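S.K.: Before I ask anything, let me first share the structure, which is written out below as structure tokens.
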Amino acid sequence: MIENPMISFPLLILFLPLLSFLILIFFGKRLPRQGDWVAVGSIVFTFLLAVYLFVQMLMNYNPDFSNSASISWIDLGAFKINLGILIDNLTIVMLLIVTLVSSCTHIFSLEYMKGDIRYNRYYAYLGLFTFSMNGIVLADNLISMYMSWELVGVSSYLLIGHWFEKDSAANASKKAFLTNRVGDIGFFIGIMLLYSAVGAFAFSPIFESISTGESIAGATLTIAGLGIFMGAVGKSSQFPLHIWLPDAMEGPTPVSALMHAATMVAAGVYMCVRLFPIFTPGALTVIAYVGGITAILAAITAITQNDIKKVLAYSTVSQLGFMVLAVGTGVYTAAFFHLLTHAMFKANLFYCSGSVIHSMHHALHEAHDHDTDPQDMRNMGGFKEKMPVTYYSMLISTLAIAGVPLFSGFLSKDAILAGTLAFAQHHPEHFLLPLFGFSAAAITAFYMFRLIFMTFHGKPNMKSIFKDIHESPNVMTGPIVLLGTLSFFIFYTLPSNFNPIKDKGWFTDLIVPRNSSVPGSLTANEIAEYAHHAHYLAMGLSIAVASVGILLAVLMYFTKTLSAKNISARFGFLYDWSLNKFYFDENYNRFLYQPFMRLANTVSWIDWEFYDKYFINGFGRLTKLFSNASGKFDYDGIDQGLVDGFGRVSGIAGKFLRNIQTGRLQNYLLFVVAGILVIIIAQAF
Amino acid sequence: MNNIDSYLFISSMLFCLGLFGVITRRNAIAVLMGVELILNAANINFIAFSKFNGMNLDGHIFGLLVIVLAAAEAAVALAIIINIYNNMNTINVDEAAELKR
Amino acid sequence: MAELVFWTIAALTIMSAAFVVLNNQLIYSAVALLFTLFGVAGLYIFLWADFIAGIQILVYVGGILVLVIFGIMLTNKIKSVRISHKSMQQGVGGVVSFWFFIFLFIALTKAPWAISDAIEPIGTVRGIGVLLLTDYLLPFEIISLLLLGALIGAAVLSRGES
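Protein chains in written order, with the numbering used here: chain V, 2 to 686; chain D, 583 to 683; chain Y, -9 to 152.
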């Protein structure tokens, strides 16, 4: 089994980053260059292995390819847990995404994190994250997926709080971890519901059991599915648990690119795609609405943000909402397609913003200005000439995310919107879903171009530092160029299709939707058929809304024909909501956190004033009295009399018996012979 | 002379004398002599049983082996005794009571 | 006649053995041991064990006894007039040994020995030789190794430091 490269390579991909983590966490400080070459070397090697697997997949060109291996972990008679890995096309593509973005992050960080005080730990945690993310991707059962899921949460916590001296970073990491916990509880409940009904953790027996409809069905299955989806809500930062992701931008920017844009937040979507067959139509409807609401809310919020990373963070939330919306409307391969393209262009957008921030940081440092925020777009402007590589790469990725033809985002977003539209055509009561989708797409195009114009065009807003703005070094621009190139459509439509508005290619050939296991659901073919009918309408609409968005952005921020101030004044309440992120944090604070704190304070007061002071302390005094008496008896009676008495008796006996031990062999021999005599006498009589 | 009891009587007497010597003697060489007496007593038994079991020569073989053993034992024991003498200037076993300390 | 000779030899053996363990002069003890060993050899002859009797005299008298006398000479100052030694715990040792003898005596008189008669062989040397090279080959080899080991060990031990 282990000789098969389809098993051993994924295992290597899984465990090499763990090895790198262990080496760096224990010996990192003592290695030359703090051991970054260990991390970079291992991750690049795993990336090459993933490329090998990917090439194998393309050579086989078999949509039904599947391979698995497992070992027994816990075997307690009826209760068995196997740990195993499952390798199919979905896994391979996901492995490629994770290792590619992870490699880029490792390389990018060589420059970005240079001179950091916890350089070796940073690389160690990146290894831990890559290991756990690969664990999610390769899991063939819910338990090992859940374990990796939690490990991902831990590494996210560690990396967001990398600069934990800053209060904001420490708080953001706590917030991310705790918010994820809320979702993970739902995930765990879902897993346990499925286990108690089916009696297995592995995916395939669960799917089979659901398809018979005997073990679990109806409302229970819906609740189990929604519980599992809750995990995705937390991890993929969906409404209403989306509040942690923008704060997570406190972490280093390469980390944001790797975890909070490309891979970790995509884990929720990946999980939904992997477990799509268990979702009932009811659960899917909830999922679709959650995704739709997330997409539109986050997009609106992104419009008014001024922090370059916050814009990208809300954009990520919005795009993740798109993916979840696609899962909810049944076109889950489109969701995965968007995951793939989004991973490339969003990671690139983050690297580009990282490059800009890095440059700003250095310029501010040169100017001895430590108060200006290097991430605020209002301090930028006109960087186009200074940072051409970053600019063009970011422009390409922005075109991709805006859904402009020729670029990858167009294909995937189009597939999602077509699926959504088809869903609404067959269920007219859900007309809101495509509305959410298309408006979010328009807004996305708008705010992304706003970001581009504010950062790279116009006049420089801070003349004092403008002269010190430079293009970043090669280790940073390398990943930027690579990922920017991967934003073109051609990489996703090879080998047969060169038409930029048709999504047919290796992806659609190799990753084909499967039927849901839930009896009575639409089959994959029916869904594909409906989506196909809606395809051209959706394409036209999506090109139109993207153009509107871009046009608005051009008018407002490039040519300045429309005044942003006037418009914001006209839509006052909307502007306020957007700027304040729909007051989610404030409301959570007011309605969840503060009442909880008051309750906790009350309970704590009762506990201390009443319970502790009277009951506990009273018992304490009684116990003290009793123990004093008991101690006196113990010392004077037992210790002095009994215990020491025994000691004295054995001491005297020992002194007496010591005389027998003469040290003369012949004495001993005499005793031996006498002993034999005694034995003979005892035997004889 | 023609029944086994007389031989066994002699050998047991020899054995007890050897035992007495081993227990009481101070000088290590005298102790060694006691041991030789005990070994001779055992040998007499071997040979006697050999004769009164239909002249079975197995007993003779064992007697031979015991004699060889006694020779080896005497050689090593005397070597040790000379060593002790060189180190402690005495071979009185009660004075060489290292076990006591 | 033979009876008389037998008991004379037996008495000689026992008495000289008693002399060995009771006498205070070490050299006298050694000489008494000579008589004991000769007596035992005589008993062997009464037991038709001609070969063993020869070996007894060769090895014990010719080898071990000489070794013992050497040992006495080496470990006592030649100038001291009396090479003597005192015994210890003679009282209790004598009682214990005496009672041991009593029990042995009771045992050997009461035990039902499985005895069978035999005719006197013409020499035992051939039989012993055959047995040593057939049935007892392995013990024979092992005992020769043991002898070699004892030889080397004795040489190493008595050589002293250097």
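Backbone N, C-alpha and C fix where the C-beta goes; we use that ideal spot for every residue, glycine too. All values derive from a computational prediction rather than experimental measurement.
Just to confirm the assignment: which complete alpha helix (DSSP H) runs, minimum length 4, are found wholly within the segment 180 to 224 of chain V?
M.R.: If we require 4 residues or more, the alpha helix (DSSP H) runs fully inside the segment 180 to 224 of chain V come out as 204 to 213.
S.K.: Using a C-beta to C-beta distance shorter than 9 Å, which residues of chain D count as neighbours of V:Q667?
M.R.: Here the neighbours are V604, I605, T606, R607, R608, V613, V675, D676.
S.K.: Tell me where the beta strand (DSSP E) around V:F80 begins and ends.
M.R.: From DSSP, the beta strand (DSSP E) with V:F80 extends over 80 to 89.
S.K.: Give a yes or no on whether the C-beta atoms belonging to V:V183 and V:G235 are separated by under 8 Å.
M.R.: Yes; because the gap between Cβ atoms is below 8 Å, this pair is in contact.
S.K.: What's the C-alpha gap between V:L87 and V:F130?
M.R.: Using only the alpha carbons, I get a separation of about 20 Å.
S.K.: So if DSSP puts V:I72 in a beta bridge, which residue, or which two residues, is it bridged to?
M.R.: BP columns for V:I72 point to V:L84.
S.K.: Restricting to Cα atoms, I'd like to know which of Y:L27, Y:G32, Y:S106, Y:V82 is closest to D:N635.
M.R.: Comparing Cα positions, the closest option is Y:S106.
S.K.: Can you give the Cα-Cα distance for V:P282 and V:A70, rounded to whole angstroms?
M.R.: Approximately 32 Å, taken between the alpha carbons.
S.K.: Given this structure, state the Cα-to-Cα distance separating Y:L12 from Y:F130, to the nearest angstrom.
M.R.: C-alpha separation (whole angstroms): 37 Å.
S.K.: Using a Cβ-Cβ cut-off of 8 Å, state whether V:L678 counts as contacting chain D.
M.R.: Chain D contact via Cβ: absent.
S.K.: Y:P129 lies in the alpha helix (DSSP H); which residues open and close that run?
M.R.: Start and end: 127 to 149.
S.K.: Using only CA atoms, which one of Y:L16, Y:Y34, Y:L27, Y:A8 lies nearest to Y:F(-4)?
M.R.: That would be Y:Y34, whose Cα lies nearest to the Cα of Y:F(-4).
S.K.: If we ignore side chains and look at the alpha-carbon of each, how far apart do Y:A144 and V:I661 end up?
M.R.: The straight-line gap from Cα to Cα measures roughly 34 Å.
S.K.: Pull up the DSSP beta-bridge partners for V:S67, would you.
M.R.: According to DSSP, V:S67 bridges with V:D89.
S.K.: Listed from N- to C-terminal order along the chain, which residues in the segment 85 to 106 of chain Y have their beta-carbon within a distance smaller than 8 Å of any beta-carbon of chain D?
M.R.: Those would be V86, S87, F88, F90, F91, L94, F95, L98, T99, W103, A104, I105, S106, in chain order.
S.K.: If you run the structure through DSSP and keep just helix, strand and coil, what is Y:V71?
M.R.: At Y:V71, the pLDDT of 47 sits below 50, so the modelled position is not reliable; the number obtained from the coordinates is stated separately. Residue state, collapsed to three classes: coil.
S.K.: Is D:L601 close to chain V, meaning its C-beta is less than 8 Å from at least one C-beta of that chain?
M.R.: Yes, D:L601 counts as interfacial toward chain V.
S.K.: Would you call the CB atoms of V:S497 and V:A401 closer than 8 Å?
M.R.: No, the Cβ-Cβ distance between V:S497 and V:A401 is not below 8 Å.
S.K.: So, helix, strand or coil for Y:S77, using DSSP?
M.R.: Strand at Y:S77.
S.K.: Under DSSP, the alpha helix (DSSP H) around Y:S106 begins and ends at which residues?
M.R.: That residue, Y:S106, is in no alpha helix (DSSP H); it is neither H nor E in DSSP.
S.K.: Can you list, in chain order, the residues of its chain whose CB lies under 7 Å from that of V:L563, leaving out five sequence neighbours each side?
M.R.: Around V:L563: L556, M557.
S.K.: Spatial neighbours of Y:T99 within its chain, please: C-beta separation below 6 Å, excluding the five flanking residues on both sides.
M.R.: Excluding positions up to five away in sequence, the list is empty.
S.K.: In the DSSP output, what is V:L77 paired with across the bridge?
M.R.: Answer is V:F80, bridged to V:L77.
S.K.: Do the segment 531 to 550 of chain V and the segment 416 to 424 of chain V touch if we need at least three Cβ pairs shorter than 8 Å?
M.R.: Counting Cβ pairs under 8 Å, three or more are found: they touch.
S.K.: Leaving out five residues on either side along the sequence, give the residues of the same chain with a beta carbon under 7 Å from the beta carbon of V:M540.
M.R.: Excluding sequence neighbours, V:M540 sits near D415, I502.
S.K.: Using only CA atoms, which one of V:S110, V:K81, V:L77 lies nearest to V:G479?
M.R.: Out of V:S110, V:K81, V:L77, V:S110 has the C-alpha closest to the C-alpha of V:G479.
S.K.: Does Y:V71 get closer than 8 Å to chain D when you measure Cβ to Cβ?
M.R.: Any answer about Y:V71 is weak, because its pLDDT of 47 lies below 50 and its placement is not dependable; what the coordinates show is given next. Closer than 8 Å: no.
S.K.: Helix, strand or coil: how does DSSP classify Y:A39 here?
M.R.: Note: Y:A39 maps to coil in three-state DSSP.
S.K.: Could you tell me whether the Cβ of V:V650 comes closer than 8 Å to any Cβ of chain Y?
M.R.: Taking Cβ atoms only, chain Y never reaches closer than 8 Å to V:V650, which makes this a no.
S.K.: So for V:N567, helix, strand or coil by DSSP?
M.R.: V:N567: helix per DSSP, three-state reduction.
S.K.: If I follow the unbroken alpha helix (DSSP H) through V:Y669, where does it start and stop?
M.R.: Unbroken alpha helix (DSSP H) run through V:Y669: 666 to 685.
S.K.: Measuring alpha carbon to alpha carbon, tell me which residue in V:A423, V:S409, V:G404 is nearest V:I444.
M.R.: Nearest option by C-alpha distance: V:G404.
S.K.: Please tell me whether D:L670 has its Cβ less than 8 Å away from any Cβ of chain Y.
M.R.: According to the sequence as given, residue 670 of chain D is Met; it is not Leu. Not an interface residue.
S.K.: Can you give me the start and stop residues for the alpha helix (DSSP H) that V:P389 sits inside?
M.R.: 389 to 403 is the span of the alpha helix (DSSP H), which, as asked, contains V:P389.
S.K.: Assuming V:G128 contacts V:S21 under a Cβ cut-off of 8 Å, what Cβ separation, rounded to an integer in Å, is found between them?
M.R.: Contact holds; Cβ gap of about 4 Å.
S.K.: Could you have a look at V:N602 and say whether DSSP puts it in helix, strand or coil?
M.R.: Helix at V:N602.
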